[in-house]
Every structure is written in C-alpha cells, then in structure tokens.
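> If you count by our numbering, then the sequence shown holds residues 1393 to 1869, one letter each, in order. Built from N, CA and C at the ideal position, the CB exists for glycine as well.
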Amino acid sequence: MNFFETIKNLALTIFHSVYHILWGDLITVPLPGGSSLGLSLLILILIPSGIYFTLRTRFLPFRMFPEMVKLTVETKDASQKGAISGLQTLFLSTATRVGMGNLVGVVAAISAGGAGAVFWMWVIALLGSSTAFTEATLAQLYKEKDPLYGGYRGGPAYYIHHFFLSGKEKSAAGRRHSVIAVLFALSGLICWCGISQVIGNSVSSAFENAFSIPPIYTTAILVIIAAVIVLRKNATVKVLDIMVPVMAVCYFVITLFIIVKNAGQLPAIFQRIFMEAFGLRPAVAGGIGAVIMNGAKRGLFSNEAGSGSAPCAAAAADVSHPAKEGLLQALGVFIDTLVICSCSAMIMLLAPAELTDGLAGMDLLQTAMEYHMGEFGVVFIAAILWLFSFSTFIGILFYARSNVAYLFGDNWLSQTLYKVLALVMLFIGGLAAYTFVWDLGDIGVGLMTVFNMIVLIPLAPKAMEALRDYEGKNQTI
1393 MNFFETIKNL ALTIFHSVYH ILWGDLITVP LPGGSSLGLS LLILILIPSG IYFTLRTRFL
1453 PFRMFPEMVK LTVETKDASQ KGAISGLQTL FLSTATRVGM GNLVGVVAAI SAGGAGAVFW
1513 MWVIALLGSS TAFTEATLAQ LYKEKDPLYG GYRGGPAYYI HHFFLSGKEK SAAGRRHSVI
1573 AVLFALSGLI CWCGISQVIG NSVSSAFENA FSIPPIYTTA ILVIIAAVIV LRKNATVKVL
1633 DIMVPVMAVC YFVITLFIIV KNAGQLPAIF QRIFMEAFGL RPAVAGGIGA VIMNGAKRGL
1693 FSNEAGSGSA PCAAAAADVS HPAKEGLLQA LGVFIDTLVI CSCSAMIMLL APAELTDGLA
1753 GMDLLQTAME YHMGEFGVVF IAAILWLFSF STFIGILFYA RSNVAYLFGD NWLSQTLYKV
1813 LALVMLFIGG LAAYTFVWDL GDIGVGLMTV FNMIVLIPLA PKAMEALRDY EGKNQTI
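(1) Please state whether the Cβ-Cβ distance between residue 1709 and residue 1481 is less than 8 Å.
(2) Run through the DSSP bridge pairs and tell me what residue 1476 is partnered with.
(3) In whole angstroms, give me the CA-to-CA distance for residue 1407 and residue 1837.
(4) Are the beta-carbon atoms of residue 1574 and residue 1799 separated by less than 8 Å?
(5) In terms of residue numbering, what span does the beta strand (DSSP E) encompassing residue 1727 cover?
(6) My assumption, with CB atoms under 8 Å, is that residue 1592 sits in contact with residue 1822. Please give the rounded CB distance.
(7) Helix, strand or coil: how does DSSP classify residue 1870 here?
(8) Could you tell me the alpha carbon to alpha carbon distance between residue 1797 and residue 1780, rounded to whole angstroms?
(9) Which of helix, strand or coil does DSSP assign to residue 1537?
(10) Give me the Cα-Cα distance between residue 1812 and residue 1445, rounded to the nearest whole angstrom.
(11) Which one of 1808, 1743, 1762 and 1459 has the shortest CA to CA distance from residue 1657?
(12) Taking only the alpha-carbon atoms, compute the straight-line gap between residue 1616 and residue 1454 and give it to the nearest angstrom.
(13) Under 8 Å, do residue 1614 and residue 1595 count as touching if we go by C-beta distance?
(14) Looking only at its own chain, which residues have a Cβ that is under 7 Å from the Cβ of residue 1817, when we skip the five neighbours before and after it?
(15) By alpha-carbon positions, which one of 1508, 1714, 1735 and 1576 ends up nearest to residue 1847?
(16) With distance defined between alpha-carbon atoms, name the residue in 1670, 1610 and 1746 nearest to residue 1351.
(17) Please give the ranges of any beta strand (DSSP E) in the segment 1590-1650, keeping only runs that are unbroken, at least 3 residues long and fully inside the region.
(18) Does the distance from the CB of residue 1855 to the CB of residue 1721 come in under 8 Å?
(19) Can you pull the DSSP bridge partners for residue 1545?
(20) Am I right that residue 1434 and residue 1522 are in contact with their C-beta atoms under 8 Å? What's the rounded C-beta distance?
(21) In whole angstroms, give me the CA-to-CA distance for residue 1548 and residue 1832.
(22) DSSP three-state label for residue 1421, please.
(23) By Cβ distance below 6 Å, which residues in the same chain neighbour residue 1858 in space, the five residues on each side in sequence not counted?
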C-alpha cells in the first residue's frame, strides 16, 4: 500500500468516525415490547435544547403564533441601501428549508418509521420553532454592515466570534479569528457544496424519470440559469421573492385538492398517525423506537433549527426590533414542517398501500401522485422538485456570503470563487450520484449544529431579553 492510499484510507476512517459520532446511535434506550430508542449526538443536543428554549420563551410557538402571522403582512421596506426586509428573509430561509427533504425525505421517514413518524415531525417542529427564534434574534443582535453587498450580514460565525473574543476584537470587521467561528464557517461551506451536488442529482433524476431527458441536458440548463442569477450582485433575493410563494402555494393547493378528494379517509389516516406514534398498533420493524427516531431525525434535518443556517439570512434583515426577525424565522419552521412536510405525508398516506409497497424515494412519491392526479401528478412532482431544489441552491449561496467574508475578508474574488465552486458541484452532481457527497452534507450540517449550539445556550439570555423588550412595547400581544 503506497503513501497516498494510506492517507486516503485514514481520511475515510476519520470521515466515517465523525459521521457515526454525529448521526449514529451513541445511546440506546430499551423500550417496552423489545423495542429500543437509539439517540444520536445531534438528537441529544437539539431536542433538550428545543425544550429548554420553549420553556424559556414561555411556549412561544403557541402563545405568539398570531404575532408571527401578523408580522408577515408588515410591508415596511428596508431602510438601508442593499438591505432586505424581514419578510424577504423569511422567503429566503424558507427556500433553503423547503427542499429535497420535504419531498423524498418525508417519504423515507414514513417508509422506515411508519405513519407515526409524521406526529414526531410535528413535535420536533414545535420545539425547533423556539430554537429558530433564539438563533435568529441573536443573529440580529450581532449583525454588521456589509461593505460588499450593502445592507447587513452576520450569523453564527459572528455571534460565536463575539462570544469568544473581547474588546476591539469583538467586531468581526477588523478581527483576529475565533477558532470555533472559523470551524462553523468552514463546516457551512463544506455542507453547502455537498448539498449543491445532491440538488443537481435530484433534479436531473426527476426529469429523467418524468420526461426521459438525459441528465446532461437538464444539468446544463440548471447550471446556466443558476449562474445567471448567483453571479449577479443582488439578484438572489429578488428571484426568491417570486419563487418561494409560488412554489409553496402551488404545492399546498394541489395537496389540499387531494385531501378534499379523499376527505372520507382522513379520520382513518389521523387515527393511524396517532396510534403508530405511540406504538399502539404494529407499525414497522423496529417498533416505536424506529417511529420516533425517523420522525425526529427528519424533522430536525428539514427545519434546520439549531444548525445555524437560517441565521445567516436572519442577520441580513432590516427590521425595527431583533425579536421580529426571530418570530418570522420561528414561523418559517411551521411553514416547512407543519405545512410542506405534512403535504408530502398526506400525498403518500392517502394512496393505497398495495400500490406503493416496495417503492422508495422519488419513485414512491411520483407513483402516489400518479394515483391521485394521473400523468399530471408525475410531471407536477418533477416540476415542484425543480423549484424546491433550485430555490435551495440560490438560498445556500446567500448563506455562504457572510461565512466567506468572515474567513477571507471583504473581497469579490473569494465570493466569486465560492460561487463558481458551488456551480461546479451542481454540475457534477447532475451527472452522477455520489453517496459520499450525501454523507459530506450530513457531516457539514452536523458540525455546524455542534459549533452553533456551543454558544447558543450561553447567549440565550440576550435573545430572551430582546423578547421581553418586544413584548413590553407591544402590550396587545
């Protein structure tokens, strides 16, 4: 074995070890009936944290939901040149949350964990909403002016930097770097490159299945359109302002039509969801442990609360109070899981089980849609997947801005080089599927979560103080 082969094997060993630590079952809890509950490091971090933030915010997802909705109709424009409004950042973060995971990921969770996994996805969304509020509010509190794009920038790298450094160094503009902040930023950039390849492969595969279009053509068109948008200075937000409402509303309306058409089945579907959620009927191999963990993992991965991704957008908002942005991002978790993920679940659960047995991933979802809507259903899923995936790609490159700036300073060269790298990854992913890349994305988001949560709890009192101040100024809440 030569030197390079040794290095390669060592790197793969480290890679798989890190993956297992983040996503593998570190603790196994025995359950009644011979089942067990495997708990990964991320589950052990995010669920207790979600409970903690929910208690500290006095059950914010429930008592302040009307306020979240009310904030979406505020039409105040950003006051700073180049800045974006709170509603625009909601569209931006929703674009990245609503992606492949909301379609095939939900189907995979139900396939492995049964219908009960849907219930645990809902629970995780309610807990994640409070976490999303906390990190988005902190992103607002520690944001900085962006000399390149205009407006503001920030996110976990910036509030982590502030937490660990003192005095003049607390300004990330003329700083020496914080190690944890650097690790977060690098993890994010690695994760988003991995996701770029996954997006390319998902879109090309869906179009090949629906229209028999060779991947090279789909991929080339996707990359060209993406390049036109992301290589322009501020086209990202303008595109997402149009795309996100259109794709979310279309998906919701089609699902609502399917639900109404099959209204007679709804009582049985909800009964199945709740019974399987608590193991009151045989669900799947692995029992209630598989049900809970598949729902929890999918919910955590889909809504991104705690990973530190959405705060990169939240920091860019020009809002009159930091807590407003926190509430808008909390609403984004509801939109992602309680609306979009639930739509995917209903499409699948309302299709006959004998029709979907043995199928997985996109094939399963397209088969279910074909049952509900005929050939139009297959075409619709391919089109909506393109919109979901494309908007995710545009959104993650917006996230990357602040992290590239933190690592390499304020210059167009580093910004452009990372965009070109992401476009190359998008192209490569469209031509071939690499399992390694999926795992790389999982490791990236896992490491982001760990580094983000190191300071999120110590800094949480700042976000709670902002919430109390906001409520004090809005006695009608």
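Straight from the coordinates:
(1) Yes. Within cutoff.
(2) Residue 1476 pairs with 1709.
(3) The straight-line gap from Cα to Cα measures roughly 14 Å.
(4) Taking 8 Å as the Cβ cut-off, residue 1574 and residue 1799 qualify as a contacting pair.
(5) Note, residue 1727: premise wrong, no beta strand (DSSP E); not H, not E.
(6) At roughly 4 Å, the Cβ-Cβ gap stays under 8 Å, so residue 1592 and residue 1822 are in contact.
(7) No answer is possible for residue 1870: the residues shown for the chain start at 1393 and end at 1869.
(8) Distance between the alpha carbons of residue 1797 and residue 1780 is about 27 Å.
(9) In this structure, residue 1537 counts as strand in the three-state DSSP scheme.
(10) Distance between the alpha carbons of residue 1812 and residue 1445 is about 38 Å.
(11) Of the residues 1808, 1743, 1762 and 1459, the one whose Cα lies closest to the Cα of residue 1657 is 1743.
(12) So the two alpha carbons sit approximately 43 Å from each other.
(13) Cβ distance < 8 Å, so residue 1614 and residue 1595 count as in contact.
(14) Setting aside the 5 residues that flank it on each side, residue 1817 is surrounded in the same chain by 1585, 1588 and 1589, each with a C-beta closer than 7 Å to its C-beta; the list follows chain order.
(15) The shortest Cα separation from residue 1847 among 1508, 1714, 1735 and 1576 belongs to 1576.
(16) The question about residue 1351 has no answer, for the chain in this structure spans 1393 to 1869.
(17) Runs found: none.
(18) Cβ distance not < 8 Å, so residue 1855 and residue 1721 don't count as in contact.
(19) According to DSSP, residue 1545 bridges with 1536.
(20) That pair is no contact at about 17 Å.
(21) Going from the Cα of residue 1548 to the Cα of residue 1832 covers about 20 Å.
(22) Note: residue 1421 maps to strand in three-state DSSP.
(23) Cβ within range, chain order: 1529, 1714 and 1715.
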